[in-house]
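In full-length UniProt numbering, the protein residues as written are 1 to 768.
C-beta atoms are modelled at their ideal positions from N, C-alpha and C, and glycine is treated no differently.
Here's the structure, in structure tokens; my notes come after.
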């Protein structure tokens with residue numbers, strides 16, 4: 001490569017050149033983005049009127065363009081500040097992290113000195129406690145020549161790596177600009193999808209794509225976005241999945257695309273969960289505890305260089321490279337995220353509050369585009385990310401494990417939970433706000449736990465796990481609003497009463513083992529939290545066979561109003577799928593009376609067209625009753641059932657019954673493991689029976705969810721029940737036709753499927 005330039009952020013430059021020593025990943029509750037903004041405002045209020053914030057700075061050194069935004073400059077005292085929001089004592093910040101902070105400040109100092117012709121200036125590293133707003137300031141006066149020399153040394157240290165990265169990007173972009181489709185040609189529906197993905201990427205918009213099984217959604221989304229990558233100067237593409245099976249499909253597609261390119265320059269990284277990648281799960285992520293954390297940053301350069309040369313960075317490759325260099329595989333993967341082109345991982349990496357991909361993209365200023373597979377699951381997944389609960393039983397268990405110093409605040413929290421449980425009139429009670437006494441008790445626990453964890457950095461186990469839970473609860477309670485419900489549930493305790501010593505007594509007149517109380521924050525509309533995620537991405541395409549109606553994901557996920565929508569036509573001729581509605585009722589009050597008629601439909605269909613079928617029911621109880629009744633009335637029909645707790649081997653055994661030319665009916669739960677993500681092409685599956693409309697069971701909690709959604713979006717949307725229920729139905733029915741040559745049958749076992757409002761939510765090509 002001849003002339004080249006490479007743009008690097010101040011943060012990336014300093015992380016590459018200044019990080020030294022061991023990993024120190026002791027858990028400390030970091031400040032949120034909102035808390036960081038609040039700190040910035042508080043600091044600004046204490047500065048002089050001419051205080052400048054978020055100064056854009058840039059300089060060119062050789063082939064490098066270095067740029068970033070300095071936190072603050074106070075001209076009247078010639079002071080440049082780098083502001084870091086923390087929790088806890090400054091003394092507990094690891095030395096190598098403080099060195100990194102100072103390197104960033106020095107680099108910004110060199111940039112502003114050169115930009116404004118300063119001979120010297122005062123540098124101030126400002127640590128601000130998020131809870132108290134107290135500032136700890138480390139100051140030093142430095143002349144511009146020294147700052148420039150340090151800056152040039154960092155650039156020289158980074159330049160060889162930058163040259164390699166510039167060459168990589170040039171080769172990658174050349175490959176992608178002329179990337180051939182790995183199959184002979186795009187299928188008709190696949191082409192429509194690909195064109196839509198390319199258009200939204202070109203215009204920096206988002207897309208909801210409803211596309212049925214059989215058109216090739218994975219290649220139909222990855223291929224156009226890769227082709228758009230050079231022209232749109234995308235830094236990263238994230239392929240995010242809601243199910244583990246989706247990652248395997250994505251990697252297969254990416255492998256075929258990478259192999260189709262002349263130089264195979266594309267770097268593909270699989271993000272692996274920490275619990276799967278950790279080699280020493282009983283040790284703290286600290287250089288004094290884990291051998292793979294010791295001197296991690298000193299060993300990292302060699303491991304990083306080998307990894308990027310490999311290019312295909314799946315989990316086995318990451319582990320192999322990491323162990324060859326005696327570094328942690330998980331944190332090597334986190335470092336490689338900076339240098340990968342395409343990242344494949346679970347949706348939590350992009351949408352969780354602590355999602356590494358999104359967080360790093362914002363910190364580094366990356367231009368990020370996302371693809372979200374099986375996106376109909378994102379609403380429930382995101383709700384889980386922004387929901388949490390804490391039970392009285394859990395607190396009592398923590399007391400039993402706690403050192404003496406933590407027992408008093410934990411007992412106080414247990415007492416407040418128990419008092420609330422005793423006072424409420426019903427077993428389920430929505431709370432408009434958390435009672436003040438309980439909130440204060442929770443805060444005291446988190447303060448005590450925070451001090452304990454900071455003073456015991458090498459400890460892993462019950463106290464650290466409990467801290468994760470209690471601190472997360474406090475964070476969500478602090479952000480409680482109409483988007484989430486807060487409630488209290490009272491139930492029988494699940495553990496036997498303990499013969500606890502006297503110093504663990506919680507309430508004088510309470511039977512410890514009799515009652516449990518659970519305080520929950522349940523997110524209902526994740527869009528409140530995800531809105532900024534979509535705003536922070538260049539383009540996001542969410543695709544699934546069941547996304548409609550489009551306003552449902554738009555409203556609940558917080559997508560922009562101009563989000564595009566495409567409903568890709570099915571590749572199957574309508575006559576390939578025979579859809580019939582049974583004239584019976586599967587409402588709760590009618591189920592027992594209609595059970596004979598229901599199993600007769602199953603037996604008649606099986607008798608007329610023998611083969612393999614799946615029969616879906618709304619609960620295990622309903623499934624068991626239907627399976628027993630079929631065995632009683634039609635013992636000649638082979639059958640097998642999903643069990644309540646099935647491991648991997650049992651699930652494989654269930655699916656292994658679906659062989660080519662096989663005969664029988666497999667009973668499964670609607671919305672469960674066999675209702676989506678299961679591929680049984682040809683005659684391995686020729687039909688499905690679906691009982692009920694997939695509606696959630698009636699309960700006080702479900703009524704609260706319905707009222708909340710009706711208030712926010714209107715009572716006629718069906719967001720609480722009908723829409724998500726019928727998405728489960730369509731997903732289950734989608735198991736039948738898996739390729740354009742397949743033919744099959746779907747029986748909808750409830751006369752309500754004939755209603756117009758229900759029919760409107762079923763695929764238009766179904767001839768019901």
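CB-CB under 8 Å to residue 684, same chain, minus the five flanking residues each way: which ones, in chain order? 612, 658, 659, 660 and 662
For residue 262, name the three-state secondary structure that DSSP assigns. coil
Looking at C-alpha atoms only, which residue of 45, 4 and 88 is the closest neighbour of residue 454? 88
Does the separation of the CB atoms of residue 547 and residue 701 fall below 9 Å? no
Which full runs of the beta strand (DSSP E) of 3+ residues lie inside the segment 667 to 704, going along the chain? 687 to 691
Would you tell me roughly how many angstroms separate the C-alpha atoms of residue 48 and residue 74, rounded to the nearest one? 7 Å
As a quick exercise: from 391, 407 and 441, pick the residue whose alpha carbon is nearest that of residue 521. 391
Taking only runs of the alpha helix (DSSP H) that begin and end inside the segment 332 to 365, which ones reach a length of at least 4 residues, in chain order? 348 to 351 and 356 to 364
Residue 161, DSSP secondary structure in three states: helix
Alpha carbon to alpha carbon, what distance is there between residue 310 and residue 274? 22 Å
Collapsed DSSP secondary structure at residue 511 in the structure displayed: Bear in mind that the predicted position of residue 511 carries a pLDDT of just 44, short of 50, making it unreliable; the figure below should be weighed with that in mind. In the structure shown, residue 511 sits in coil (DSSP, three-state: anything other than H, G, I, E or B).
Just the Cα atoms here: how many angstroms apart are residue 669 and residue 174? 48 Å
The alpha helix (DSSP H) spanning residue 297 covers which residue range? 296 to 310
Is it a yes or a no for the segment 104 to 122 touching the segment 10 to 17, going by three-plus beta-carbon pairs under 8 Å? yes
Which same chain residues, not among the five before or five after residue 445, have their C-beta less than 7 Å away from its C-beta? 409, 410, 413 and 470
Anticipated Cβ contact below 8 Å, residue 597 with residue 614, distance rounded: About 20 Å; that fails the 8 Å criterion.
Measuring straight from C-alpha to C-alpha, what distance separates residue 321 and residue 271? 15 Å
Buried or exposed for residue 639, going by 16 or more other Cβ atoms inside 10 Å? buried
Tell me whether the beta-carbon of residue 55 lies closer than 9 Å to the beta-carbon of residue 69. yes
Got a sec, what are the start and stop residues for the beta strand (DSSP E) residue 240 sits in? 236 to 241
Per DSSP, residue 769 is paired with what? Here the chain comprises residues numbered 1 to 768, so residue 769 is not present and cannot be evaluated.
Pull up the DSSP beta-bridge partners for residue 579, would you. 746
Within 10 angstroms of the Cβ of residue 206, are there 16 or more other Cβ atoms? Answer buried if so, exposed if not. buried
Apart from the five residues just before and just after residue 157, which ones in its own chain have a Cβ nearer than 7 Å to its Cβ? 17
Complete alpha helix (DSSP H) runs within the segment 527 to 568 (minimum length 4 residues, chain order): 527 to 535 and 551 to 557
Among 736, 243 and 269, whose alpha-carbon lies nearest the alpha-carbon of residue 255? 269
Proximity to residue 435 [Cα-Cα], best of 426, 416, 452 and 428: 416
Would you please state the rounded distance, in angstroms, between the beta carbons of residue 726 and residue 682? I believe it to be under 8 Å. Contact doesn't hold; Cβ gap of about 27 Å is too wide.
Cross-strand partners of residue 86 (DSSP beta bridge): 129
Three CB pairs or more closer than 8 Å across the segment 575 to 582 and the segment 736 to 744: yes
Determine the direct distance from the alpha carbon of residue 556 to that of residue 483, and round the result to whole angstroms. 10 Å
Per the contact definition of three or more C-beta pairs closer than 8 Å, is the segment 251 to 267 in contact with the segment 327 to 335? no
I'd like to know whether the C-beta atoms of residue 121 and residue 64 end up nearer to each other than 9 Å. no
For the putative contact between residue 225 and residue 237, defined by C-beta atoms under 8 Å, what is the C-beta separation to the nearest angstrom? 6 Å
Rounded separation between residue 508 and residue 418 - CA only: Summary for residue 508: the model assigns pLDDT 35, below 50, so the residue's position carries little reliability; its value from the coordinates is reported in the next sentence. Their backbone Cα atoms lie some 12 Å apart in a straight line.
Excluding sequence positions up to five away, which residues of its chain have a Cβ less than 6 Å from the Cβ of residue 71? 81, 82 and 83
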